[in-house]
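Engineer:
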Amino acid sequence: MKKILIKTGRLIQKAIDFTYPLFRRLMPLQMYRYAACGGANSLFDLLLYFLLYNFIFKDSLHPVGSLTFSPHIATLIVVSPVSTLTGFLLQKYVTFTASGLRGGIQLFRYVLVFLANLLINYTGLKIMVDGLHFFPTPSKLIITVITVILSYIGQKKFTFK
């Protein structure tokens with residue numbers, strides 16, 4: 022499985038690097054790879070959020086044990102682990118390939134950054150959707166922009182250092 026991930030990562034890396042000359046003056050290669058992978062994963066996350074919210078969770082509360090989740094929070098809980106896994110794999114095998122840390126340590130650190138982002142997402146959605154009555158999907162998009170910036174710093178300085 023690891024060999025497949027490495028080969029797939031190299032293939033994606035070559036595709037990203039092919040378009041890099043257009044952006045060379047704007048940012049270093051690693052930042053461009055992060056932006057491309059993170060952007061693709063963010064679009065995947067947003068699309069999955071939109072689909073699940075609008076076609077599965079919308080217009081009903083979702084009880085889990087003694088807790089009840091609103092549709093936008095239930096969607097966040099389901100989507101987050103999926104996009105976290107795809108994001109980790111992209112960052113590990115495409116962006117931060119030179120890291121000397123073992124995969125388990127990277128994953129643990131990535132999950133810590135993910136949990137911080139989840140807290141930001143949860144708080145942001147509660148404020149924007151429940152407090153300010155914005156639509157859930159645009160609210161998620163705004164929060165995603167904030168977490169992408171914070172994630173890059175966290176991944177570069179902590180997870181894949």
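One gets the working numbering by counting positions in the sequence shown from 1 and adding 21 to each.
Using N, Cα and C, we set each Cβ at its ideal position, and we do this for glycine too.
This structure is a prediction, so every number in the text was calculated from the model and none was measured.
1. Indicate whether the contact test is met: 3 or more Cβ pairs, each with one atom in the segment 92-106 and one in the segment 66-76, closer than 8 Å.
2. Going by alpha carbons, who is nearest to Phe156 out of Pro92, Thr29 and Leu32?
3. How is the alpha helix (DSSP H) around Leu153 delimited, first residue to last?
4. How should Arg54 be labelled, buried or exposed, when 16 other C-beta atoms within 10 angstroms of its C-beta is the threshold for buried?
5. Looking only at DSSP bridge pairs, what is Leu88 linked to?
6. Buried or exposed for Thr40, going by 16 or more other Cβ atoms inside 10 Å?
7. Beta carbon of Leu146, beta carbon of Lys161: below 8 Å?
8. Along the chain, where does the alpha helix (DSSP H) that runs through Lys113 open and close?
Structural biologist: On the basis of the data shown:
1. yes
2. Residue 156 sits at position 135 when you count from the first residue of the sequence shown. The residue with the shortest Cα to Cα distance from Phe156 is Pro92.
3. Working through the sequence shown from its first residue, we reach residue 153 at position 132. Where Leu153 is concerned, there is no enclosing alpha helix (DSSP H), given that its DSSP letter is neither H nor E.
4. Counting from 1 along the sequence shown, the entry for residue 54 is found at position 33. Result: buried.
5. Sequence index remark: in the sequence shown, residue 88 carries index 67 (1-based). Leu88 pairs with Val85.
6. Position 19 of the sequence shown, counting from 1, holds the residue named residue 40. That one is exposed.
7. For the purposes of this step, residue 146 is identified with residue 125 of the sequence shown, where counting begins at 1. For the purposes of this step, residue 161 is identified with residue 140 of the sequence shown, where counting begins at 1. Contact flag set, yes.
8. As a working note, residue 113 is residue 92 in the sequence shown. It is not in any alpha helix (DSSP H) - Lys113 carries neither H nor E in the DSSP assignment.
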